[in-house]
Amino acid sequence: MEPNGMTFRAKQLKLQDADAWNEFYQEYLDPLYGFVYRLVCHKRTVADDLFQEVWLHVIQNIDTYDSEKGELSAWLFGIARRRVALYWRRTLAGKSVDDDNLLRADRADAALLPIEAMEQIERAEVVNSALLVMPENQRRILRQKYIDGMSVAEIAKRSSTTQKAAESLLFRARAKLRSLLGPTFVDALPSHLLNESRRPK
Numbered sequence: 001m002e003p004n005g006m007t008f009r010a011k012q013l014k015l016q017d018a019d020a021w022n023e024f025y026q027e028y029l030d031p032l033y034g035f036v037y038r039l040v041c042h043k044r045t046v047a048d049d050l051f052q053e054v055w056l057h058v059i060q061n062i063d064t065y066d067s068e069k070g071e072l073s074a075w076l077f078g079i080a081r082r083r084v085a086l087y088w089r090r091t092l093a094g095k096s097v098d099d100d101n102l103l104r105a106d107r108a109d110a111a112l113l114p115i116e117a118m119e120q121i122e123r124a125e126v127v128n129s130a131l132l133v134m135p136e137n138q139r140r141i142l143r144q145k146y147i148d149g150m151s152v153a154e155i156a157k158r159s160s161t162t163q164k165a166a167e168s169l170l171f172r173a174r175a176k177l178r179s180l181l182g183p184t185f186v187d188a189l190p191s192h193l194l195n196e197s198r199r200p201k
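Written out as structure tokens, the structure reads:
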């Protein structure tokens with residue numbers, strides 16, 4: 001989605017527009033669930049609960065989103081990351097997380113995460129940092145292809161361009177990301193960071 005479109009979406013969400021909320025939910029249903037599911041080490045029941053808690057928090061706190069501080073998707077996944085960090089911190093301490101204040105969770109919580117979850121969170125942060133310095137059109141096509149799971153044909157149609165042009169842009173975007181992160185890092189990325197992400201069946 002174009003930057004102006006994202007700003008418009010945020011405004012509609014803040015106005016509690018039902019259609020905007022439904023579209024937003026459907027767009028991030030699979031990527032967000034997959035992100036949470038992997039960070040809780042494939043615990044389905046836990047992932048289901050945290051997924052619902054994240055969306056409830058998003059709905060209740062949408063007015064706090066500031067488009068000048070980052071993209072809406074980054075804000076959404078940041079909430080999910082902190083929710084998962086709280087889960088592991090409280091679980092390892094043997095305490096309930098029901099009454100935790102999500103806004104108090106910060107990066108320090110990752111120190112108490114299982115190695116697998118901590119590494120995935122760190123990789124996500126590295127990738128997001130790299131994406132922020134890339135041209136907008138390259139950043140957008142990487143998200144469309146590898147996070148939203150769109151085909152090149154779908155991307156071309158959405159962008160009102162040819163499939164060949166979309167393929168060329170995707171190639172340049174991957175090359176740019178490799179130049180920033182290194183080919184070994186990019187090739188080793190978990191599927192939910194740079195591959196098609198779908199909710200586990």
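Residue 1 is where the sequence shown starts when you use full-length UniProt numbering, and the numbers rise one by one after that. Quick reminder that beta carbons are idealized off the backbone N, C-alpha and C, glycines included. Owing to the predicted nature of the structure, the values given are computational and were not obtained by experimental measurement.
query = When we look at the beta-carbon of Ser168 and count the other beta-carbons within 10 Å, is it buried (16 or more) or exposed?
reply = exposed
query = DSSP state of Pro43, grouped into three classes?
reply = Going by the sequence as given, residue 43 is Lys instead of Pro. Lys43: coil per DSSP, three-state reduction.
ask   = Could you check where the alpha helix (DSSP H) with residue 208 kicks off and where it finishes?
value = Because the chain in this structure spans residues 1 to 201, residue 208 falls outside the shown range and cannot be described.
task = Would you decide whether Asp148 is buried or exposed? Buried here means 16 or more other CB atoms lie within 10 Å of its CB.
result = buried
query = Can you tell me whether DSSP reads Tyr65 as helix, strand or coil?
reply = coil
request  = Taking only the alpha-carbon atoms, compute the straight-line gap between Ala130 and Lys176 and give it to the nearest angstrom.
outcome  = 9 Å
message = DSSP three-state label for Ser151, please.
response = coil
message = Can you look up Glu71 in the DSSP assignment and give me helix, strand or coil?
response = coil
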